[in-house]
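K.L.:
Have a look at the structure that comes next, please.
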Amino acid sequence: MIKENLNRIKENIESVCKRFNRSPSEITTVAVTKTATLDNIKEIIDLGIQDIGENRLQEAILKFNRLSTIEYRPSTIKWHMVGHLQRNKVKEAVKVFDLVHSVDSLRLAEELDKQADKINKIQDILVQVNTSLEATKFGINPEETIEVIKQIVKLKNLNLRGLMTIAPLVNNPEDARPCFKKLRDLMDEINRPSIIDTRLSVLSMGMTDDYEVAIEEGATMIRLGRAIFK
Ligand SMILES: *Cc1c(COP(=O)(O)O)cnc(C)c1O
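Using our numbering, the first residue of the sequence shown is number 182, and each one after it goes up by one.
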């Protein structure tokens, strides 16, 4: 079933890309494994998925260690932290994750920088933006994002690669579009000369219910859970 799901997702991505003149190779699918078993994860790795996402640190460490023990962690596999990260867990997180999508404050960025420095690592990160302005969602307010990013890029052990957002839960995926558009516009604005020296290229947006709309709006990373494992 997972195989069929992945094939269907691939076809959907190809068809959106064709309509919007994008190349499917621009889009990375991150398999979010919060509901998946270890066997499920082995299966998706065998089927060619190289990007694995978790929203809870402890769960990620458990799976990461088990897969390593059974020699199921080829160096090509990348681990993504997609959920909220507490500062007291950063020390563990920098040992595991290749990309942290959920940097939602300058203080968290500073802690990541400090802990990455201790293990001689340059930590790749995305800044999470609360494009829907929902009080229940983490993420930096869009209006404050540029100021925060100007501070974050000064941190030597972080490599800021782009932005991430979580759209609200809606029945019609079209209703998520404004959030995706807002994130893309924000990245374009940040990429204008003189804002920061580095160029951002990653837009992590789109989940099971809305990934096609997200791709239409420029997503380069989609985070899929149910679409793969259900
Ligand atoms: C669970 C989760 C996903 C995947 O959600 P689905 O709707 O199952 O595709 C993506 N991003 C984050 C941050 C998540 O927590």
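Backbone N, C-alpha and C fix where the C-beta goes; we use that ideal spot for every residue, glycine too.
As the structure is a prediction and not an experimental result, all values here were calculated from the model.
Relative to the C-alpha of L266, which residue among R237, A348, I251, N246 is closest?
P.N.:
Cα-wise, what sits closest to L266 is R237.
K.L.:
DSSP puts R404 in a beta bridge; with which residues?
P.N.:
The partner list for R404 (beta bridge, DSSP) reads V211.
K.L.:
Using 7 angstroms as the cut-off, classify the Cβ of N236 as near or not near the heavy atoms of ligand 1, replying yes or no.
P.N.:
Yes; taking the cut-off as 7 angstroms, the Cβ of N236 has a heavy atom of ligand 1 nearer than that.
K.L.:
Using a Cβ-Cβ cut-off of 6 angstroms (strictly less than) and excluding sequence neighbours within five positions of V329, which residues of its own chain qualify?
P.N.:
Taken in chain order, the residues that qualify are L287, I321.
K.L.:
Measuring straight from C-alpha to C-alpha, what distance separates R404 and E398?
P.N.:
Straight-line Cα distance between these residues: approximately 15 angstroms.
K.L.:
Can you pull the DSSP bridge partners for S286?
P.N.:
Paired residue(s): none; S286 is not in a bridge.
K.L.:
Near R268, what residues of its chain come up, given a Cβ to Cβ distance below 7 angstroms and the 5 sequence neighbours on each side ignored?
P.N.:
Closer than 7 angstroms at Cβ, skipping near neighbours: R288, L289, E292.
K.L.:
Using a threshold of 8 angstroms, state whether the C-beta atoms of P205 and I194 are closer than that.
P.N.:
Yes, Cβ-Cβ distance for P205 and I194 is below 8 angstroms.
K.L.:
Quick one, are the C-beta atoms of V197 and I396 less than 8 angstroms apart?
P.N.:
Taking 8 angstroms as the Cβ cut-off, V197 and I396 qualify as a contacting pair.
K.L.:
According to DSSP, is N236 helix, strand or coil?
P.N.:
Reduced to three states, the DSSP call for N236 is coil.
K.L.:
From the DSSP output, in three-state form, read off V271 for me.
P.N.:
Three-state DSSP puts V271 in a helix.
K.L.:
Could you check whether V310 and L341 sit closer than 8 angstroms to each other, using their CB atoms as the reference points?
P.N.:
Their beta carbons are not under 8 angstroms apart, which means L341 does not touch V310 by this criterion.
K.L.:
Please list the terminal residues of the continuous alpha helix (DSSP H) segment that includes L266.
P.N.:
Note, L266: premise wrong, no alpha helix (DSSP H); not H, not E.
K.L.:
Exposed or buried, what is Q332 when buried is set at 16 or more other beta-carbons lying within 10 Å of its beta-carbon?
P.N.:
Q332 comes out exposed.
K.L.:
In this structure, does DSSP put V310 in helix, strand or coil?
P.N.:
In the structure shown, V310 sits in a strand (DSSP, three-state: E or B).
K.L.:
Alpha carbon to alpha carbon, what distance is there between R358 and D305?
P.N.:
D305 and R358: Cα-Cα distance of roughly 27 angstroms.
K.L.:
If contacts are defined as beta-carbon pairs under 8 angstroms, then P323 and L367 qualify, I think. What distance do you get, rounded to the angstrom?
P.N.:
Confirmed, about 6 angstroms.
K.L.:
Cβ-heavy atom distance between L187 and ligand 1 below 7 angstroms?
P.N.:
Checking every heavy atom of ligand 1 against the Cβ of L187, none is found closer than 7 angstroms.
K.L.:
State the beta-bridge partners of D305 as determined by DSSP.
P.N.:
DSSP, once it has assigned bridges, lists L280, N340 as partnering D305.
K.L.:
Near R203, what residues of its chain come up, given a Cβ to Cβ distance below 8 angstroms and the 5 sequence neighbours on each side ignored?
P.N.:
Cβ within range, chain order: V197, I396.
K.L.:
Would you say the region 347 to 355 touches the region 246 to 260, given that touching needs at least three Cβ pairs under 8 angstroms?
P.N.:
Too few Cβ pairs lie closer than 8 angstroms, so no.
K.L.:
From the DSSP output, in three-state form, read off K363 for me.
P.N.:
In the structure shown, K363 sits in a helix (DSSP, three-state: H, G or I).
K.L.:
Return the bridge partner residues of M345 from the DSSP annotation.
P.N.:
Answer is Q309, S385, bridged to M345.
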